[in-house]
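Peer 1: Protein chains in written order, with the UniProt record's numbering: chain A, 1 to 205; chain B, 1 to 205.
For glycine and all other residues, C-beta sits at the position ideal for the given N, C-alpha and C.
Please read these numbers as outputs of a predicted model, since none were measured by experiment.
I have a structure I would like to understand better, so I am pasting it below and will then ask my questions one at a time.
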DNA sequence: CCATTATAATAGTGATCCCTATTAAATTAT
DNA sequence: ATAATTTAATAGGGATCACTATTATAATGG
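Here you go:
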């Protein structure tokens, strides 16, 4: 039970994590360029200088939102992936978890990262690099898991794990786009079930 | 040989189709919200009132750009799809053509429609509906082709053609996203080759 | 030449963009 | 109480947003 140590000075009116959560929802729903600082301060119930003293700038806030959201959402998925379940089964659960994230009832549709800032004004190139780097990292994580499966004999030795990772990465990105367009959870999972039939070591009909 | 009929009045300084082509490249690269009317007028070499007299508004210009680009780019793809080639082969050529479009040397990366306006400010909801409708139409086109293949006995009678269409739609969207992130043509085609192994009537290993 | 017609250029509009200099308020320490 | 400290609120800055009222220009028709 840690007592929130009362320091001297005027008390903060907004908890940092609450602020990040509010910002996450706005950026998630409207994108970086579609969310104004006025939107953010209004939703957080603060004035502009408070936002800037807490988070630095709009771009820095977005960076913190991504960190915050990834730490909170990604650990469960990585556990699934890194488990000792058969690779095909682990992948299925991993994708199902992402489909659930794309279609949460009281949250924006799609994924905050998979389809974020693909197009942008030149002035926002650095923000685009942030999300692109996160996408690349998540595909490298998938590839590393497939490499492990090859080592452990679960996948054929000659498997192109990079292409396999980018294929399921494309599925993840496509699911996010379709969720943004209104696709329901069941539809995404049918899509996953079909995607899981593209798997090395299968014979053609 | 039709002579460009000289009408009276001051001559236009910008051909309409040239203007649409310039606008297409900007919207394609930067997205709707990332492209300002100042960007557009500067690139076209015109002043704001000329843009508004030619195209009506930024939103109306975007609509015309989509019409213009689709008419120009989509007919070849639809011919491939509607040809009498075996369905699996036609689908492969169709996807290859899209991969080529995603990675043209002197054009923006990715697809103008597949991953456009997924997130947006509330005020741009009508623009988002435009691109979403185009995506839905293109998936319905795929589904119709798969339905035909079922009728013609190329696909099993019980094939879930809707899911099949949305699966390859997801591949198209994922390719666009990855092209935006810098994926080359060959990488996209490896992805396609793998996606084409997810096909009804195959036996699991 | 002059009138008519069609389009372009000038010069802005109010609103909103991201951000901040300055001042006010709310707490603890003495 | 008063001082010290920390945060919030007021008020607005310069730039850019999408857009337009007005004026100027360049062609043809008579």
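Could you list which residues in chain A have their beta carbon closer than 8 Å to that of residue 40 of chain B, in chain order?
Peer 2: Under the 8 Å cutoff, chain A gives no residues; its nearest Cβ is about 12 Å from residue 40 of chain B.
Peer 1: Taking only beta carbons into account, state which residues of the UniProt domain "HTH tetR-type" (13-73) of chain A come closer than 7 Å to chain B, listed in chain order.
Peer 2: Answer in chain order: 29, 30, 31, 33, 34.
Peer 1: Locate the alpha helix (DSSP H) running through residue 29 of chain B, then write down its first and last residues.
Peer 2: 16-30
Peer 1: Determine the chain A residues that contact residue 124 of chain B at a beta-carbon separation under 8 Å, and present them in chain order.
Peer 2: 34
Peer 1: What are the boundary residues of the alpha helix (DSSP H) that includes residue 49 of chain B?
Peer 2: 48-55
Peer 1: Of the choices A/198, A/189, A/69, A/8, whose alpha-carbon is the least far from that of residue 21 of chain A?
Peer 2: Of the residues A/198, A/189, A/69, A/8, the one whose Cα lies closest to the Cα of residue 21 of chain A is A/69.
Peer 1: Determine, for residue 171 of chain B, whether the minimum Cβ-Cβ distance to residues of chain A falls below 9 Å.
Peer 2: yes
Peer 1: Under 9 Å, Cβ to Cβ, is there at least one residue of chain B near residue 181 of chain A?
Peer 2: yes
Peer 1: Alpha helix (DSSP H) containing residue 88 of chain A: first to last residue?
Peer 2: Looking at the DSSP string, the run of the alpha helix (DSSP H) that includes residue 88 of chain A is 87-102.
Peer 1: Are the C-beta atoms of residue 146 of chain B and some chain A residue less than 9 Å apart?
Peer 2: no
Peer 1: Name the two residues that bound the continuous alpha helix (DSSP H) containing residue 131 of chain B.
Peer 2: 125-151
Peer 1: In whole angstroms, what separates the C-alpha of residue 153 of chain B from that of residue 201 of chain B?
Peer 2: 12 Å
Peer 1: In angstroms, rounded to a whole number, what distance separates the CA positions of residue 75 of chain A and residue 120 of chain B?
Peer 2: 28 Å
Peer 1: When you compare the CB positions of residue 112 of chain B and residue 27 of chain B, do they come within less than 9 Å of one another, or not?
Peer 2: yes
Peer 1: Report the CB separation of residue 90 of chain B from residue 81 of chain B in whole angstroms; it is logged as a contact under 8 Å.
Peer 2: That pair is a contact at about 6 Å.
Peer 1: Helix, strand or coil for residue 169 of chain A, going by three-state DSSP, please let me know.
Peer 2: Here residue 169 of chain A sits in helix by DSSP.
Peer 1: Can you name, in chain order, every residue of its own chain whose Cβ lies under 8 Å from the Cβ of residue 16 of chain B, other than the five neighbours on each side?
Peer 2: 54
Peer 1: Is DSSP giving residue 175 of chain B helix, strand or coil here?
Peer 2: Under the three-state reduction of DSSP output, residue 175 of chain B falls in the helix class.
Peer 1: With DSSP as the reference, label residue 67 of chain B as helix, strand or coil.
Peer 2: helix
Peer 1: What does the alpha-carbon distance come out to for the pair residue 36 of chain A and residue 97 of chain B?
Peer 2: 38 Å
Peer 1: Quick one, which residues of the stretch 133-164 of chain B are near chain A if we go by CB-CB under 8 Å, in chain order?
Peer 2: 135, 136, 160, 163, 164
Peer 1: In or out: residue 180 of chain A buried (at least 16 other Cβ within 10 Å) or exposed?
Peer 2: buried
Peer 1: Take residue 108 of chain A as the anchor and find which of A/25, A/128, A/12, A/198 has the nearest alpha-carbon.
Peer 2: A/25
Peer 1: Closest Cβ-Cβ distance between residue 92 of chain A and chain B: below 9 Å?
Peer 2: no
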